[in-house]
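What follows is a short report on a single structure.
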Amino acid sequence: MISRVYTYLICIFCSVITCQSYAQSIGLNWLFRPGMRFSSSFVPKQNIQDTTYFGFSHFNTSLVIPVAGEVEASLSKLNLKANQTFITANIGSRFLQTNLLAYQKLAHNFSFGVTHVQADVRNGIWFYTFNIGAVESPETFDKIKPFFIGGAAKIVLKGLRTFNVYGVGLTYQYNQVIPIPLFGISRFLSKNIQVSMLLPTYAELIYVGKDNLDLALRADFAVFRSGILPVSNQRPVGNEKTSLQYRDVRLGLLARYSPSSRAKLQIQAGVAGVRSLKIFYNNEQIRSYNPSFAPFINIALHINFGNAPINSQLFGNEF
């Protein structure tokens with residue numbers, strides 16, 4: 006997707022050179038189209054210790070809308086600069102299948118964010134993002150504590166299909182601030198084989214096939230934390246926040262199919278390992294579990310609106 010944006014910047018620049026002999030600014034409303042993403046993830050219930058069991062299903066809807074953008078060509082400097090802003094909104098629910106919790110076993114997530122992109126033919130592309138939201142069960146909305154995720158990254162272009170990513174992210178949740186270094190690459194090993202990664206979030210080896218079908222071997226790092234109400238025999242005394250944190254590393258086969266320019270279906274199935282489940286009370290860990298390997302499946306549908314050449318899904322998130 007980054008290489009496609011870069012290609013379009015060059016095309017715009019050539020068009021401006023053809024039509025004008027001085028610096029020119031034009032809007033970018035025609036370049037990006039809004040989109041929605043419907044996704045679901047399933048990890049089946051299994052015993053994690055004696056009679057304690059855990060599993061979950063996650064359903065999420067995200068919306069990405071380009072709201073403002075401009076491209077400026079400087080013929081004297083033979084350069085092209087562009088910027089675009091996107092707003093994102095997410096809402097979803099996790100159904101927690103576990104006897105660690107009392108009453109309803111739901112955790113809702115919702116967030117709102119802004120992503121800004123600055124592109125320069127000579128100096129590469131910069132991404133900035135700011136997101137705020139919350140992940141809560143129905144019983145803990147009275148103690149809601151929002152999370153914040155922000156970051157900045159630079160895309161260093163090495164060619165139309167090759168680039169590196171350097172950046173830093175910052176998360177804030179439950180009075181904890183965690184900086185996250187970011188590093189990514191995209192390389193074509195051959196005409197149809199591509200390596201793409203953005204650590205510490207994902208890495209994949211992609212076979213770019215024909216008939217709008219791509220296949221990949223993909224690894225993902227997944228994590229979420231939610232306010233909960235534990236069962237009575239595991240409930241601390243007091244009114245402080247009790248939360249559940251889950252994380253795993255997923256390795257699976259991924260298929261992406263685009264039946265049209267407006268839709269893309271994505272299915273991934275594999276094994277979740279390096280799993281960790283922890284219960285915190287007032288940010289102090291009171292219980293910890295290490296579940297064994299479990300199968301998982303992820304399904305997502307991207308839908309794009311409008312006739313612009315580039316969809317905006319890259320600039321969204323599922324925080």
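Heads up: the sequence shown runs through residues 6 to 324, numbered per our numbering. For glycine and all other residues, C-beta sits at the position ideal for the given N, C-alpha and C. Just so it is clear, the structure is predicted and the values come from calculations on it, not from any experiment.
Same chain only: Cβ atoms within 6 Å of residue 41, ignoring 5 sequence neighbours per side: Contacts found: 68, 308.
Please tell me whether residue 200 and residue 187 are closer than 8 Å, where the distance is taken between their beta carbons. Between residue 200 and residue 187, the C-beta gap is not smaller than 8 Å, which leaves the two residues out of contact.
Identify whether residue 146 lies in helix, strand or coil by the three-state DSSP scheme. It is helical.
Helix, strand or coil at residue 28 [DSSP, three-state]: Any answer about residue 28 is weak, because its pLDDT of 44 lies below 50 and its placement is not dependable; what the coordinates show is given next. Look at residue 28 here: in three-state DSSP terms it is coil, with no helix or strand label.
Cβ atoms of residue 189 and residue 170: under 8 Å apart, would you say? The answer is yes: Cβ separation under 8 Å.
Residue 182 bridges to which residues according to DSSP? DSSP, once it has assigned bridges, lists 177 as partnering residue 182.
Rounded C-alpha distance that separates residue 139 from residue 173: Approximately 22 Å between the Cα atoms of the pair.
Nearest by alpha-carbon distance to residue 93: which of 72, 113, 106, 76 is it? Out of 72, 113, 106, 76, 72 has the C-alpha closest to the C-alpha of residue 93.
Exposed or buried, which one is residue 142 when buried takes at least 16 other CB atoms within 10 Å? Counting Cβ neighbours within 10 Å, residue 142 comes out buried, since at least 16 surround it.
State the Cα-Cα distance for the pair residue 278 and residue 299, rounded to the nearest angstrom. The straight-line gap from Cα to Cα measures roughly 7 Å.
CB residue 133 to CB residue 157, shorter than 8 Å? Between residue 133 and residue 157, the gap from beta carbon to beta carbon is short of 8 Å.
Is residue 112 helix, strand or coil by DSSP? Taken through DSSP and simplified to helix, strand or coil, residue 112 comes out as strand.
Kindly give me the distance between the Cβ atoms of residue 63 and residue 118, rounded to whole angstroms, as I take these residues to be in contact under 8 Å. With 8 Å as the limit, residue 63 and residue 118 do not qualify as a contact, their Cβ atoms being about 18 Å apart.
Please report the Cβ distance between residue 227 and residue 267, rounded to the nearest whole angstrom; I am assuming they are in contact, meaning their Cβ atoms lie under 8 Å. Contact between residue 227 and residue 267 does not hold, since the beta-carbon distance rounds to 28 Å and is not under 8 Å.
Hey, out of 88, 312, 304, whose CA is closest to residue 48's CA? Nearest of 88, 312, 304 to residue 48, Cα basis: 304.
Bridge partners of residue 55, per DSSP? Looking at the DSSP assignment, residue 55 forms no beta bridge with any residue, so it has no partner.
Does the beta-carbon of residue 312 have 16 or more other beta-carbons within 10 angstroms, so that it is buried, or is it exposed? Its Cβ having fewer than 16 others within 10 Å, residue 312 is exposed.
Classification of residue 214 by the beta-carbon crowding that lies within 10 angstroms, buried from 16 upward: Exposed, because fewer than 16 other Cβ atoms sit within 10 Å of the Cβ of residue 214.
Could you tell me if residue 212 is buried or exposed, where buried requires 16 or more neighbouring beta carbons within 10 angstroms of its beta carbon? Classification for residue 212: exposed.
Helix, strand or coil for residue 325? Go by DSSP, reduced to three states. Examination of residue 325 is not possible in this model, given that the chain is present from 6 through 324 alone.
What does a CB cutoff of less than 6 Å around residue 110 pick up in its chain, not counting 5 residues either side in sequence? Only residues of its own chain outside the window of five on either side were considered, and among them 101 have a CB closer than 6 Å to the CB of residue 110, listed in chain order.
If you measure between the beta carbons of residue 219 and residue 252, is that distance less than 8 Å? No, Cβ-Cβ distance for residue 219 and residue 252 is not below 8 Å.
Residue 88 - containing beta strand (DSSP E), residue span: Residues 84 to 103.
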